[in-house]
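**Q** The sequence shown runs 487 to 848 under my numbering.
No residue lacks a Cβ here, since even glycine has one placed at the ideal position from N, Cα and C.
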Amino acid sequence: MVFYAGTWIFPWFYHVTERYNSLIIFVALALLFFINVDWLEGLKKKDVLLYALLAALIIATANLFIIGSNKGCILILADFLLLLYIMPYVSFSPLQYRVLTVFFLVMYAIWFVHDMEFSYNTNTGATYTAFTTFAALILLVYLAKKKEIMGFFVVITLLRTGTLVLWHLARGAFAALFFFVCFFFIFKAIRPEKHRKGFAFLSGFAVFGSLLFVWSYVQLSHTGFNVKMPVFYKDIFSGREDIWTEVWNMFIEKPLTGIGSGWELESFFEYNMHNAMYDILVVHGIIVFAISAFIIISRLIQMRCRVMDSIYTHIAASAVFAIFFESFIDMDLMWADYTPVLLFLIYTIYHGAALWGEEGHS
Numbered sequence: 487m488v489f490y491a492g493t494w495i496f497p498w499f500y501h502v503t504e505r506y507n508s509l510i511i512f513v514a515l516a517l518l519f520f521i522n523v524d525w526l527e528g529l530k531k532k533d534v535l536l537y538a539l540l541a542a543l544i545i546a547t548a549n550l551f552i553i554g555s556n557k558g559c560i561l562i563l564a565d566f567l568l569l570l571y572i573m574p575y576v577s578f579s580p581l582q583y584r585v586l587t588v589f590f591l592v593m594y595a596i597w598f599v600h601d602m603e604f605s606y607n608t609n610t611g612a613t614y615t616a617f618t619t620f621a622a623l624i625l626l627v628y629l630a631k632k633k634e635i636m637g638f639f640v641v642i643t644l645l646r647t648g649t650l651v652l653w654h655l656a657r658g659a660f661a662a663l664f665f666f667v668c669f670f671f672i673f674k675a676i677r678p679e680k681h682r683k684g685f686a687f688l689s690g691f692a693v694f695g696s697l698l699f700v701w702s703y704v705q706l707s708h709t710g711f712n713v714k715m716p717v718f719y720k721d722i723f724s725g726r727e728d729i730w731t732e733v734w735n736m737f738i739e740k741p742l743t744g745i746g747s748g749w750e751l752e753s754f755f756e757y758n759m760h761n762a763m764y765d766i767l768v769v770h771g772i773i774v775f776a777i778s779a780f781i782i783i784s785r786l787i788q789m790r791c792r793v794m795d796s797i798y799t800h801i802a803a804s805a806v807f808a809i810f811f812e813s814f815i816d817m818d819l820m821w822a823d824y825t826p827v828l829l830f831l832i833y834t835i836y837h838g839a840a841l842w843g844e845e846g847h848s
């Protein structure tokens, strides 16, 4: 909480700690792992996901040594997989959880009254605002259920975030908001607990659809088709196709080990894959990607029976899937500075209904 608050309130703190954010989050998640998970018992009972987690991280680390890559990128993968693995086991007290709900509402409120996006990066700041909106909605909706007039703040929050995202022309943040609304109504109309195969397909598509999007996007770019997007004043094809093509040409030479990190790209000024699943595949190789996909899809499918337990789990699940789909065009799903929000949302899916005393009531 201290790291997250410092990062998003004080730009100087953000710029000083940015290079260490993955390590800071790794330490926090590792502590949560050893505090909450009986890993020795898990090994004895042959917990498949625990073995998959260890295999993915060991193979990914070995690959980085084999290809002589920078070793720091293992933290990005480790943070993401650790987060997914530990969330069913993590146990916060009701007080701790409610402190978190207040914390994220305050973090959102600070940016609500004072737009600091230009102190960071407009895309980064807009995405932070969108993601923190999802977390803030948990407490705002609770207050609205207690006193109807508080529903005004739910409406004004969504309007403020939407206009702010459009003001900064942030396509990724807009996509996150759009998918959040879509999934909120999809889950309401097609309830996940009753449509097992449909939810399993959605969980798989959150992973493999991301790669399909990369392939389709690149193929379409080769046709010469391009138009400016309304509102955002940017071309549909504005550079990602070049990044994805360049790293693919590097990847096909090392498909098993991946290409690692630290490369200087001709197509972009920084080594940023702009697609979370493609990053796992290209950086760490086919084997690690396959194991990671198994962990991710398994955890998403496991959430199926919790999605509609309450309005809070409903909001959190819609937000998590929105972040997955937004990360078809960016790395926000795996970026450490957003990890605390993702942790809070996934925790809410698993435990939120019981903590609010509304388990079993959608």
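Would you kindly check if the distance between the Cβ of SER577 and the Cβ of SER468 is under 8 Å?
**A** This structure gives no information on residue 468, because the portion of the chain shown stretches from 487 to 848.
**Q** Can you tell which of ALA622, PHE810, PHE691 and THR493 has the C-alpha that lies nearest to the C-alpha of SER605?
**A** Start at 1 with the first residue of the sequence shown, and residue 605 comes out as number 119. Residue THR493 is the option with its Cα nearest to SER605.
**Q** Just to confirm the assignment: which complete alpha helix (DSSP H) runs, minimum length 4, are found wholly within the segment 597–654?
**A** For the segment 597–654, whole alpha helix (DSSP H) runs of length 4 or above, ordered along the chain, are 608–632 and 637–653.
**Q** Entirely within the segment 522–597 and at least 4 residues each: give me those alpha helix (DSSP H) ranges in chain order.
**A** Listed in chain order, the complete alpha helix (DSSP H) runs (minimum 4 residues) inside the segment 522–597 are 525–530, 534–553 and 560–572.
**Q** For PRO678, count the other beta carbons within 10 Å of its own beta carbon; 16 or more makes it buried, fewer makes it exposed. Which is it?
**A** Reading the sequence shown from its first residue, position 192 is the one you call residue 678. Looking at its Cβ environment, which holds 16 or more other Cβ atoms inside 10 Å, PRO678 is buried.
**Q** In this structure, what does DSSP give as the bridge partners for LYS714?
**A** In the sequence shown, residue 714 corresponds to position 228, counting from 1. Answer is ASP721.
**Q** Quick one, which of ALA805, TYR798 and LEU626 has its alpha-carbon nearest PHE664's?
**A** Here the question's residue 664 lines up with position 178 in the sequence shown. Considering only alpha carbons, the answer is ALA805.
**Q** Could you check the C-alpha separation between THR647 and ILE596 for me, to the nearest Å?
**A** Your numbering for residue 647 matches position 161 in the sequence shown. Your numbering for residue 596 matches position 110 in the sequence shown. The straight-line gap from Cα to Cα measures roughly 12 Å.
**Q** Flag this pair as touching only if the segment 829–837 and the segment 794–811 have three or more C-beta atom pairs under 8 Å; answer yes or no.
**A** Yes, they touch.
**Q** With distance defined between alpha-carbon atoms, name the residue in PRO716, VAL713, LYS740 and LEU751 nearest to ILE729.
**A** As a first step, residue 729 is located in the sequence shown; it is residue number 243 there, counting from the start. Considering only alpha carbons, the answer is LEU751.
**Q** Am I right that ASN549 and VAL774 are in contact with their C-beta atoms under 8 Å? What's the rounded C-beta distance?
**A** The count along the sequence shown starts at 1 and reaches residue 549 at position 63. The count along the sequence shown starts at 1 and reaches residue 774 at position 288. ASN549 to VAL774, Cβ: 7 Å. Contact.
**Q** So HIS760 packs on ARG726, CB below 8 Å; how close in whole Å?
**A** As a working note, residue 760 is residue 274 in the sequence shown. As a working note, residue 726 is residue 240 in the sequence shown. About 5 Å separates the two Cβ atoms, so the contact holds.
**Q** Looking at the secondary structure, which residues open and close the alpha helix (DSSP H) in which ASP728 lies?
**A** On the sequence shown, position 242 is the one that residue 728 refers to. Counting along the chain, the alpha helix (DSSP H) containing ASP728 begins and ends at 726–737.
**Q** Counting only the same chain and skipping the five closest in sequence on each side, list residues whose C-beta sits under 6 Å from that of TYR490.
**A** Translated into the one-based positions of the sequence shown, residue 490 becomes position 4. Closer than 6 Å at the Cβ level, and outside the excluded window around TYR490, lie PRO826.
**Q** Tell me which residues share the same chain as HIS847 and place their Cβ nearer than 7 Å to its Cβ, disregarding the 5 neighbours each side in the sequence.
**A** In the sequence shown, counting from the first residue as 1, residue 847 sits at position 361. Residue placement at HIS847 is flagged as unreliable, the pLDDT there being 47, under the threshold of 50; the coordinate-derived value follows with that caveat. Closer than 7 Å at Cβ, skipping near neighbours: SER796.
**Q** Grab the span of the alpha helix (DSSP H) containing THR834 for me, first residue to last.
**A** Reading the sequence shown from its first residue, position 348 is the one you call residue 834. THR834 -> alpha helix (DSSP H) spans 825–841.
**Q** Within 10 angstroms of the Cβ of ALA675, are there 16 or more other Cβ atoms? Answer buried if so, exposed if not.
**A** For the purposes of this step, residue 675 is identified with residue 189 of the sequence shown, where counting begins at 1. With fewer than 16 Cβ atoms within 10 Å of its Cβ, ALA675 is classed as exposed.
**Q** Put PHE685 into one of helix, strand or coil per three-state DSSP.
**A** As a first step, residue 685 is located in the sequence shown; it is residue number 199 there, counting from the start. PHE685 falls in the helix class under three-state DSSP.
**Q** How many Å lie between LEU626 and GLY637 at the Cα?
**A** Taking the first residue of the sequence shown as position 1, residue 626 is located at position 140. Taking the first residue of the sequence shown as position 1, residue 637 is located at position 151. Straight-line Cα distance between these residues: approximately 8 Å.
**Q** For my contact list, ILE572 and ASN507 are in at a C-beta cut-off of 8 Å; report their separation, rounded to the angstrom.
**A** Here residue 572 refers to the residue found at position 86 of the sequence shown. Here residue 507 refers to the residue found at position 21 of the sequence shown. So it is not a contact: roughly 19 Å between Cβ atoms.
**Q** By the DSSP assignment, the alpha helix (DSSP H) with TYR490 in it spans what residues?
**A** Numbered from its first residue, the sequence shown carries residue 490 at position 4. First-last of the alpha helix (DSSP H) with TYR490: 488–495.
**Q** Do you know how far the Cα of LEU841 is from the Cα of TYR849?
**A** The structure shown does not extend to residue 849, since the chain is modelled only from 487 to 848, so the question has no answer here.
**Q** Taking ILE745 and VAL769 to be in contact with their CB atoms under 8 Å, please state how far apart those CB atoms are, rounded to whole angstroms.
**A** As a working mapping, residue 745 is identified with position 259 in the sequence shown. As a working mapping, residue 769 is identified with position 283 in the sequence shown. Rounded, the Cβ-Cβ distance is 7 Å, consistent with contact.
**Q** Specify, as a first and last residue, the run of the alpha helix (DSSP H) that ARG790 falls within.
**A** Counting from 1 along the sequence shown, the entry for residue 790 is found at position 304. No alpha helix (DSSP H) contains ARG790, which DSSP labels as neither H nor E.
**Q** Under a three-way DSSP split, which group does HIS847 fall into?
**A** The sequence position of residue 847 within the sequence shown is 361, counting from 1. Residue confidence for HIS847 is low, a pLDDT of 47 falling below 50, so the modelled location carries little weight; the figure read from the coordinates is stated next. Residue state, collapsed to three classes: coil.
**Q** Taking its Cβ as the centre, do 16 or more other Cβ atoms sit within 10 Å of MET820, making it buried, or is it exposed?
**A** Residue 820 sits at position 334 when you count from the first residue of the sequence shown. The residue is buried, with at least 16 neighbouring Cβ atoms inside 10 Å.
**Q** Throw me the rounded Cβ distance for the ALA621 and LEU767 pair, which I believe falls under 8 Å.
**A** For the purposes of this step, residue 621 is taken as the residue at position 135 of the sequence shown. For the purposes of this step, residue 767 is taken as the residue at position 281 of the sequence shown. Actually they do not touch by this definition, with Cβ atoms about 29 Å apart.
**Q** Less than 8 Å separating the beta-carbons of ALA546 and LEU563?
**A** Along the sequence shown, one-based indexing puts residue 546 at 60. Along the sequence shown, one-based indexing puts residue 563 at 77. Yes, Cβ-Cβ distance for ALA546 and LEU563 is below 8 Å.
**Q** Can you give the beta carbon distance from PHE669 to TYR824, rounded, assuming they're within the 8 Å contact cut?
**A** Looking up residue 669 in the sequence shown gives position 183. Looking up residue 824 in the sequence shown gives position 338. About 18 Å; that fails the 8 Å criterion.
**Q** Answer yes or no: do SER707 and PHE723 have a C-beta to C-beta separation smaller than 8 Å?
**A** Counted from its first residue, the sequence shown places residue 707 at position 221. Counted from its first residue, the sequence shown places residue 723 at position 237. Yes, the pair counts as a contact, with Cβ atoms nearer than the cut-off.
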